[in-house]
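Right, one structure below, let's go through it.
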Amino acid sequence: MALLVNSGREGLAAALKSRTMFFAWGRGDSWWGQTDVKNFTFSGSPERFMLDHAPVSALAVKSVDSALTFETPRDYTFNANTGAVTRINGGQIAPGATVQAQVQYGTPALGSGETALVNEVGRRIASSVEFVVPDDNGNISTPGGQRWTISATATRYLYCNVLFDYLEAATETIRGVGIYVDGTRKPGVPEGQLYLTPDQVAEPGYLLLLDRFAGKVRSPSERQGFSYVLVI
Numbered sequence: 004m005a006l007l008v009n010s011g012r013e014g015l016a017a018a019l020k021s022r023t024m025f026f027a028w029g030r031g032d033s034w035w036g037q038t039d040v041k042n043f044t045f046s047g048s049p050e051r052f053m054l055d056h057a058p059v060s061a062l063a064v065k066s067v068d069s070a071l072t073f074e075t076p077r078d079y080t081f082n083a084n085t086g087a088v089t090r091i092n093g094g095q096i097a098p099g100a101t102v103q104a105q106v107q108y109g110t111p112a113l114g115s116g117e118t119a120l121v122n123e124v125g126r127r128i129a130s131s132v133e134f135v136v137p138d139d140n141g142n143i144s145t146p147g148g149q150r151w152t153i154s155a156t157a158t159r160y161l162y163c164n165v166l167f168d169y170l171e172a173a174t175e176t177i178r179g180v181g182i183y184v185d186g187t188r189k190p191g192v193p194e195g196q197l198y199l200t201p202d203q204v205a206e207p208g209y210l211l212l213l214d215r216f217a218g219k220v221r222s223p224s225e226r227q228g229f230s231y232v233l234v235i
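According to our numbering, the sequence shown is numbered sequentially starting from 4.
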């Protein structure tokens, strides 16, 4: 069986390093990571209702006046991946009852078939792209707690970081970040302009990495940075 060896991976990393990379950020969907309180009525056979979104991080089902908290799986079950809430016969929830759902929504799982951010608000050319090697004592850290050291020679690991400016997306809530390669700007957009809004992008390029989170509220008094290591 054929194998992509490390020297080939290092060559691919070197090819990526030589090309322009953009960090793009997006607002995602407003329900990601949000809390909602809403009344729902059980119906059908089996009796159930569907929450407005999925996945679900946490759910509490109560009486409409919040006086009684129902228990799972005694009174109901719920599917965190689909948002379906099903009444259990013999439990404390009456047939056809209306209940109050207090729900904490999650963020959609990442998939290898993703090609774009959800609701991109802008993108900035990467501040630096460097070869790195794993090093428990390294001075570079990335999400997950890994530590790295910059390498003078090509490796299969590319450290990419960006620091967005104060007024870039200053009033947005950011719920996703992606790294793109080979994106292009529209005619008339200066080559030296580091930050582009979606209307200034001709082709977004290829999405290399995607990250999602509950939400970071931007402030014009802060610069927001992101850093990741691409493992080739």
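The C-beta atom is built at its ideal place from N, Cα and C for all residues, glycine as well.
Kindly indicate which residue of G86, S33, V40, Q103 has the alpha-carbon position closest to the one of T67. Here residue 67 is Val; the residue named in the question, Thr, does not match the sequence. Of G86, S33, V40, Q103, the residue nearest in Cα terms is Q103.
Confirm, please, whether the CB-CB distance from W35 to G125 is below 8 Å. G125 places its beta carbon 8 Å or farther from that of W35.
Cβ pair A40, Q95 closer than 8 Å: The sequence shown places Val at residue 40, not Ala. No, these two residues do not count as a Cβ contact at 8 Å.
Just checking, does the segment 186–196 make contact with the segment 204–221 on the three C-beta pairs under 8 Å criterion? Under the three-pair Cβ rule at 8 Å, the segment 186–196 counts as touching the segment 204–221.
How far does the beta strand (DSSP E) with A217 in it reach, from first residue to last? For A217, the uninterrupted beta strand (DSSP E) segment begins and ends at 209–220.
Exposure label - R77; buried when at least 16 CB within 10 Å: When all chains shown are included, R77 counts as exposed.
Decide if the segment 81–98 is in contact with the segment 48–58; the criterion is three or more beta carbon pairs, one per stretch, under 8 Å apart. Cβ pair count under 8 Å is three or more, so yes.
Comparing C-alpha positions only, which one of P137, V136, W151 sits nearest to I1? Outside the shown range of the chain, which is 4 to 235, sits residue 1, and nothing can be said about it.
Who are the Cβ neighbours of N42 in its own chain at under 8 Å, not counting the five residues just before and after it? Hits under 8 Å: V67, T101, V102, Q103, A104.
Check for me: the beta strand (DSSP E) holding G65 runs from which residue to which? It should be noted that the sequence gives Lys, not Gly, for residue 65. Segment 59–66, the beta strand (DSSP E) holding K65.
Let me check understanding here. Comparing Cα to Cα, which of T80, S154, V234, L197 lies closest to F25? Taking only the C-alpha atoms, the option nearest F25 is L197.
Report the option in Y162, S21, T85, D32 whose CA atom is closest to the CA atom of S60. When each option's Cα is compared against that of S60, the closest is T85.
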